[in-house]
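Peer 1:
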Amino acid sequence: MRLARHLVLKPYSFFHMQWRAHNREFIMQSHTEKLRYLRAVRDDYLKKCKSEPFKLHGYTLMSNHAHVNGQLNDDHKPYSDHMRRAHSRFGQAYNKRHHRLGKVAHDRPKIKASHEEAYAIQVMLYDHFNPVRAKLIPDPTHIKWRLFSSARYLAYGEKNEFTSMVTLPDWYLRLGKTAGQRRRRYRQMLDRFMIDKGFKPDPKKTSGNFIGGDLWVEAMRNQVREWLRDKQKSSSEEQSPDTS
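Numbering (this note's numbering), first residue to last: 176 to 419.
1) Which of the three DSSP states is assigned to Tyr269 in this structure?
2) Can the beta-carbon of Ser255 be found closer than 7 Å to that of Arg180?
3) Using only CA atoms, which one of Glu227, Thr207, Phe190, Asn198 lies nearest to Phe323?
4) Less than 8 Å between the CB atoms is what I'm expecting for Tyr220 and His257, so what's the real figure, rounded?
5) Which residues mark the beginning and the end of the alpha helix (DSSP H) in which His206 is found?
6) Whose C-alpha, out of Glu336, Lys372, Asn198, Met203, is nearest the C-alpha of Tyr269?
7) Could you check what DSSP says for Tyr187 in three-state terms: helix, strand or coil?
8) Where do the ends of the beta strand (DSSP E) carrying Ala241 lie?
9) Measure the alpha-carbon distance for Tyr187 versus Leu231 and round it to whole angstroms.
10) Alpha carbons only, please: which of Ile286, Pro284, Ala215 is nearest the one belonging to Glu336?
11) Let me know if Arg396 comes out buried or exposed under the rule of 16 or more other beta-carbons within 10 Å of its beta-carbon.
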């Protein structure tokens, strides 16, 4: 049973929205339909919601469903109203374009919420990874998905017509003191997520001479660096001309 939104979306909670097409049909398989969905969400947000008590933190679009991440302030209703308007606009226009009747969405959007930033971070990474898992692109920031995901915005600061609806979350702003540091750190987080999911080799296990825990590997590498410095110093002293 789908719970009423007021039972799920509590004040100041993070949310993850998933909107899925009826019968899991690939209604957004074309780039054109993906753009039309995102424009419906963006236009409604920018025209009616920028002063409302919720923020959109990221998005990822697939061929038969969409993910949106964000955070509420003290009221769930403005976000519920936003979803209803944006999805109604897209659904009605889709039926008109394709000369069809009936449901476009499987049901009303599925919502999950949490008060924990750790959840928000993992869900954002999972959503940005979704096209990779579906074997549509080789990595989350691939240029093919530059419009259909906020990954490149967080990872490289690359803006497009949809990033205007994104507010960078507080946890992202704490990743570094500068924009460059934050972007680099987010790219590292995406890499780590892909490694953990088995989609990318772990450089700690495939390169270098040491395999093990981070502290032990770093200690061994420090020993090697110190040995190389001492050897280089000794070699330089042996080659120095005798000026006595």
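Heads up, the beta-carbon is just placed ideally off N, CA and C, and yes, glycines get one too.
Peer 2: On the basis of the coordinates in this document:
1) Walking along the sequence shown from the start, residue 269 turns up at place 94. Secondary structure at Tyr269: helix, using DSSP grouped into helix, strand and coil.
2) Counted from its first residue, the sequence shown places residue 255 at position 80. Counted from its first residue, the sequence shown places residue 180 at position 5. In contact: Ser255 and Arg180 (Cβ atoms closer than 7 Å).
3) Counting from one through the sequence shown, the residue named residue 323 turns up at place 148. It is Thr207.
4) Mapped onto the sequence shown, residue 220 falls at position 45. Mapped onto the sequence shown, residue 257 falls at position 82. Between His257 and Tyr220 the Cβ distance is about 6 Å, and since that is below 8 Å, they are a contact.
5) Position 31 of the sequence shown, counted from the start, is the residue given in the question as residue 206. In the DSSP annotation of this structure, the continuous segment of the alpha helix (DSSP H) that includes His206 starts and ends at 206-223.
6) Numbered from 1 along the sequence shown, position 94 holds the residue referred to as residue 269. Taking only the C-alpha atoms, the option nearest Tyr269 is Met203.
7) Locating residue 187 in the sequence shown gives position 12, where the first residue counts as 1. Here Tyr187 sits in coil by DSSP.
8) As a working mapping, residue 241 is identified with position 66 in the sequence shown. Run containing Ala241: 240-247, per the beta strand (DSSP E) assignment.
9) By one-based count along the sequence shown, residue 187 stands at place 12. By one-based count along the sequence shown, residue 231 stands at place 56. Using only the alpha carbons, I get a separation of about 13 Å.
10) Your numbering for residue 336 matches position 161 in the sequence shown. Answer by Cα proximity: Ala215.
11) Working through the sequence shown from its first residue, we reach residue 396 at position 221. So Arg396 counts as exposed.
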